[in-house]
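Below you'll find the structure, written out as structure tokens, and then a few comments.
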Amino acid sequence: MLFLPHRHQAFITLSFLLLSHTIIHNFTVVVQNFSLPILGDLKFMALLNFLILIFTIPSSMAAWPPSPGYYPSTKFRSMSFYQGFRNLWGPQHQSVDQNALTIWLDQNSGSGFKSVKPFRSGYFGASIKLQPGYTAGVITSFYLSNNEAHPGFHDEVDIEFLGTTFGKPYTLQTNVYVRGSGDGKITGREMKFHLWFDPTQNFHHYAIFWSPKEIIFLVDDVPIRRYPRKSATTFPLRPMWLYGSIWDASSWATEDGKYKVDYRYQPFVGRYTNFKASGCTAYASPWCHPVSVSPYRSGGLTRQQYRAMYWVQRYYMVYDYCRDNKRDHSNTPECWG
1 MLFLPHRHQA FITLSFLLLS HTIIHNFTVV VQNFSLPILG DLKFMALLNF
51 LILIFTIPSS MAAWPPSPGY YPSTKFRSMS FYQGFRNLWG PQHQSVDQNA
101 LTIWLDQNSG SGFKSVKPFR SGYFGASIKL QPGYTAGVIT SFYLSNNEAH
151 PGFHDEVDIE FLGTTFGKPY TLQTNVYVRG SGDGKITGRE MKFHLWFDPT
201 QNFHHYAIFW SPKEIIFLVD DVPIRRYPRK SATTFPLRPM WLYGSIWDAS
251 SWATEDGKYK VDYRYQPFVG RYTNFKASGC TAYASPWCHP VSVSPYRSGG
301 LTRQQYRAMY WVQRYYMVYD YCRDNKRDHS NTPECWG
């Protein structure tokens with residue numbers, strides 16, 4: 001599958017190509033004006049080196065985020081699927097091979113799984129590889145929720161991969177629901193991103209960090225979003241379980257439902273491994289101290305982590321609910337500032 005770069009990358013690359021063409025033309029004219037025969041080889045080598053320099057510049061521009069300087073995924077132990085999870089639905093559409101889980105969607109069913117224990121804070125991660133090709137309408141997810149404990153009045157923290165059509169990148173959607181605001185009148189807090197890599201080629205690590213003070217979403221240890229607690233009414237504080245699933249969301253997943261699941265391309269497969277779930281369970285002592293995704297025991301991010309996060313948001317964020325003027329922000333006071 002042809003993986004197209006983000007629009008900013010494409011613009012930068014095209015600009016450099018046009019600029020390099022002009023510079024090379026002018027450089028060649030100048031070099032050709034030299035009349036000394038002995039400069040023939042020197043002219044050729046100079047032009048060759050110049051070409052190499054010019055055409056390697058775009059690949060280094062806005063391609064990968066700055067180093068966050070701290071790698072929380074290395075601080076938490078991995079576990080096998082059966083150590084921490086169980087199948088929730090669609091057992092015939094799930095297989096486990098050692099520590100790797102595969103779930104798939106076809107016209108008969110999708111599949112989902114759930115952690116054995118509920119948590120009240122922690123670091124929750126998995127390495128995930130997505131299906132290439134046409135995946136419109138398909139959602140592959142990894143999220144926290146207490147919907148089964150509080151139906152119609154639940155909290156949820158989402159990482160969702162929204163399927164796509166040929167030649168277009170996946171959209172990673174992050175979202176936060178608080179006390180059932182996603183059940184009836186939807187008050188989602190969506191921030192959407194394209195990725196700086198092709199998520200169908202290799203496994204990449206996606207994580208949610210949740211503490212009583214903040215929620216941080218990370219991709220390969222790079223923070224992409226921080227959602228701080230500003231009030232109890234806009235922040236999930238009740239225990240939640242960790243879930244994953246693949247399902248048909250044709251009504252809204254891809255370009256607001258414009259493109260549907262096409263089962264001619266089934267099965268649609270999601271692969272998970274390197275599971276991590278570390279923190280305070282709902283049964284832990286009240287003195288259980290939340291973990292951190294920075295060197296600071298009290299939480300938060302370092303200046304270097306913030307720099308990496310702002311880079312991602314500048315170049316790869318494609319939607320921010322707080323900047324959507326069509327939204328009713330009466331229920332999202334965190335956007336008022």
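Mind the numbering: the sequence shown is residues 1 to 337 in full-length UniProt numbering, read in order.
Note that the Cβ used here is the ideal one computed from N, Cα and C, for glycine as well.
Only a predicted model underlies this, so the values are computations on that prediction, with no experimental measurement involved.
Could you check how far apart the C-beta atoms of residue i and residue j are, in whole angstroms? I think they sit under 8 Å.
{"i": "phenylalanine 193", "j": "isoleucine 224", "result": "6 Å"}
{"i": "tryptophan 210", "j": "serine 121", "result": "6 Å"}
{"i": "phenylalanine 260", "j": "serine 250", "result": "Checking the displayed sequence, the identity of residue 260 turns out to be lysine instead of phenylalanine. With 8 Å as the limit, lysine 260 and serine 250 qualify as a contact, their Cβ atoms being about 4 Å apart."}
{"i": "valine 176", "j": "proline 236", "result": "7 Å"}
{"i": "phenylalanine 81", "j": "glycine 133", "result": "Not confirmed; about 26 Å, so no contact."}
{"i": "residue 339", "j": "alanine 284", "result": "Here the chain comprises residues numbered 1 to 337, so residue 339 is not present and cannot be evaluated."}
{"i": "threonine 234", "j": "glutamate 148", "result": "With 8 Å as the limit, threonine 234 and glutamate 148 do not qualify as a contact, their Cβ atoms being about 23 Å apart."}
Mind checking which residues open and close the beta strand (DSSP E) that includes residue i?
{"i": "tryptophan 336", "result": "Counting along the chain, tryptophan 336 falls outside any beta strand (DSSP E), and DSSP gives it neither H nor E."}
{"i": "valine 157", "result": "156-162"}
{"i": "tryptophan 241", "result": "241-248"}
{"i": "arginine 226", "result": "222-228"}
{"i": "glutamate 214", "result": "214-219"}
{"i": "glutamine 98", "result": "First-last for glutamine 98: undefined, no H or E at that position."}
{"i": "residue 356", "result": "A question about residue 356 goes unanswered here, because the residues of the chain that appear run from 1 up to 337."}
{"i": "histidine 204", "result": "204-210"}
{"i": "lysine 168", "result": "Taken as a continuous stretch (DSSP letters only), lysine 168 belongs to no beta strand (DSSP E), as it is neither H nor E."}
{"i": "phenylalanine 275", "result": "268-281"}
{"i": "leucine 144", "result": "138-145"}
{"i": "alanine 284", "result": "Note, alanine 284: premise wrong, no beta strand (DSSP E); not H, not E."}
Can you give me the Cβ contacts of residue i inside the same chain, cut-off strictly under 8 Å, excluding the 5 residues immediately before and after it?
{"i": "aspartate 328", "result": "none"}
{"i": "proline 295", "result": "Tyr70, Thr302"}
{"i": "serine 78", "result": "Asn99, Asn274, Phe275, Lys276"}
{"i": "tyrosine 263", "result": "Asp106, Gln107"}
Ends of the alpha helix (DSSP H) at residue i?
{"i": "tyrosine 315", "result": "303-316"}
{"i": "glutamine 83", "result": "81-84"}
Cβ of residue i within 8 Å of Cβ of residue j?
{"i": "threonine 171", "j": "valine 318", "result": "yes"}
{"i": "lysine 276", "j": "glycine 125", "result": "yes"}
{"i": "leucine 88", "j": "lysine 117", "result": "no"}
{"i": "alanine 232", "j": "leucine 218", "result": "no"}
{"i": "serine 127", "j": "histidine 205", "result": "yes"}
{"i": "alanine 253", "j": "leucine 144", "result": "no"}
{"i": "aspartate 158", "j": "arginine 179", "result": "no"}
{"i": "tryptophan 247", "j": "glycine 110", "result": "yes"}
{"i": "proline 212", "j": "proline 290", "result": "yes"}
Please list, in chain order, all residues of the same chain as residue i whose beta carbon is under 6 Å from its beta carbon, the five residues on each side excluded.
{"i": "methionine 191", "result": "Thr174, Arg225, Asp320"}
{"i": "valine 222", "result": "Pro65, Pro68, Ala308"}
{"i": "isoleucine 23", "result": "Low confidence applies to isoleucine 23: its pLDDT is 45, below 50, so where it sits in the model is not reliable, and the reading given next is rough at best. So the list is empty, once near-sequence residues are dropped."}
{"i": "proline 228", "result": "Glu214"}
{"i": "lysine 129", "result": "Phe203, Arg271"}
{"i": "aspartate 220", "result": "His204, His205"}
{"i": "glutamine 201", "result": "none"}
{"i": "glutamate 160", "result": "Ile139, Ser141, Gln173"}
{"i": "tryptophan 241", "result": "Lys114, Ser115, Pro118"}
{"i": "aspartate 106", "result": "Gln266, Pro267"}
{"i": "glutamine 313", "result": "none"}
{"i": "cysteine 322", "result": "Cys335"}
{"i": "phenylalanine 76", "result": "Tyr123, Lys276, Ser278"}
{"i": "asparagine 146", "result": "His154, Asp155, Arg238, Met240"}
{"i": "glutamine 83", "result": "none"}
{"i": "valine 96", "result": "Phe81"}
Should residue i go down as buried or exposed, given a rule of 16 or more other Cβ atoms within 10 Å for buried?
{"i": "arginine 86", "result": "exposed"}
{"i": "arginine 189", "result": "buried"}
{"i": "tryptophan 196", "result": "buried"}
{"i": "proline 286", "result": "exposed"}
{"i": "tyrosine 199", "result": "The sequence given here places proline at residue 199; tyrosine does not occur at that position. When all chains shown are included, proline 199 counts as buried."}
{"i": "phenylalanine 119", "result": "buried"}
{"i": "asparagine 108", "result": "exposed"}
{"i": "glutamine 92", "result": "exposed"}
{"i": "asparagine 325", "result": "exposed"}
{"i": "lysine 258", "result": "exposed"}
{"i": "glycine 337", "result": "exposed"}
{"i": "glutamine 305", "result": "buried"}
{"i": "tyrosine 265", "result": "exposed"}
{"i": "glutamine 94", "result": "buried"}
{"i": "valine 29", "result": "Low per-residue confidence applies at valine 29: pLDDT is 45, beneath 50, and the placement is therefore not dependable, though the value from the model is reported in the following sentence. Looking at its Cβ environment, which holds fewer than 16 other Cβ atoms inside 10 Å, valine 29 is exposed."}
Take residue i and list the residues in its own chain whose beta-carbon comes closer than 7 Å to its own, dropping the five residues that flank it on each side.
{"i": "valine 269", "result": "Thr102, Trp104, Gln131"}
{"i": "glycine 112", "result": "Leu88, Trp89, Gly90, Tyr243, Gly244, Ser245"}
{"i": "glycine 137", "result": "Gly163, Asp248, Ala249, Ser250, Ala253, Thr254, Tyr259, Lys260, Val261"}
{"i": "tryptophan 311", "result": "Pro65, Pro66"}
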